[in-house]
Structure formats: C-alpha cells, structure tokens
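Input: a single structure, listed below in structure tokens.
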C-alpha cells in the first residue's frame with residue numbers, strides 16, 4: 003500500500019530542475035533562497051555561499067526558514083536528496099518545487115564559488 007501512495011504522491015507533485023548558473027543568478031538577484039539538505043559534515047567540507055542548511059536526515063518542513071518573498075530552491079551533492087526534500091515539502095502543502103540540478107557537483111562543474 004505504501005508503494006501505491008508513493009506513486010500517487012509522485013503523480014500529484016513535480017520538481018523543476020534549475021541549472022547552476024540560473025540558481026546563482028537568482029540568488030544574486032534576490033529571487034531564490036538556497037536550502038542545502040546535505041549533512042553537517044558535508045557542509046563543513048564544502049558549502050554553497052549564502053545557503054541555509056536543513057539536513058535531509060532530520061527533514062521537517064516546519065524547520066524551513068521563511069523565504070521572505072523568495073522562492074526556495076533545494077540543493078544537495080548530486081541532485082537526488084534535493085528532489086526528495088522538495089517532494090516532502092510539497093506533501094506538507096508547501097509550494098517548493100525547485101531544486102538545483104546536479105547539486106554541488108554541477109555547481110562546481112559550472113565554475114561557481116564554494117566556501118570551506
């Protein structure tokens with residue numbers, strides 16, 4: 003039964019892929035708030051500039067910050083966990099349907115800055 007529910011959730015919700023360059027521009031323009039769902043040890047090693055960290059391992063939509071008019075974009079290492087976070091937020095009734103395609107790997111491949 004739970005497998006069936008997962009399929010129905012997937013049918014009713016969607017996640018939009020955003021290219022790293024588009025996300026960086028949206029952050030700079032004040033349109034996007036980047037939410038990194040990686041674990042603290044991953045973030046310590048390498049972080050997105052200006053991202054808010056809400057680890058997926060303990061993810062609760064109530065822990066998401068108020069985006070203050072911005073659109074939330076989820077990010078992770080490769081793009082898988084960010085999709086999961088987006089779908090979880092949508093199940094909780096939030097309109098957060100965007101994620102950074104390719105995650106940190108795509109961000110770095112695009113030559114975008116990180117912080118240690």
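In my numbering, the protein residues as written are 3 to 118. Glycine residues also receive a C-beta, built at the ideal position from the N, C-alpha and C atoms. Since the model is a prediction, treat every value here as computed from it, not as a measurement.
- Counting along the chain, residue 77 sits inside the beta strand (DSSP E) bounded by residues 73-77.
- With fewer than 16 neighbouring CB atoms inside 10 Å of its own CB, residue 16 falls in the exposed class.
- Counting only runs of at least 4 residues, the region 18-76 fully encloses the following alpha helix (DSSP H) elements, listed from N- to C-terminal order: 22-30 and 42-47.
- By the neighbour-count criterion, in which a residue is buried when 16 or more other Cβ atoms sit within 10 angstroms of its Cβ, residue 81 is buried.
- At a Cβ-Cβ threshold of 8 Å, residue 38 and residue 55 count as neighbours.
- Selection 73, 63, 71 and 36 evaluated against residue 49 yields 36 as nearest (Cα-Cα).
- Judged by beta-carbon spacing, residue 57 lies within the 8 Å limit of residue 42, meaning their Cβ atoms are closer than that value.
- Residue 20 is not a Cβ neighbour of residue 90, given a cutoff of 8 Å.
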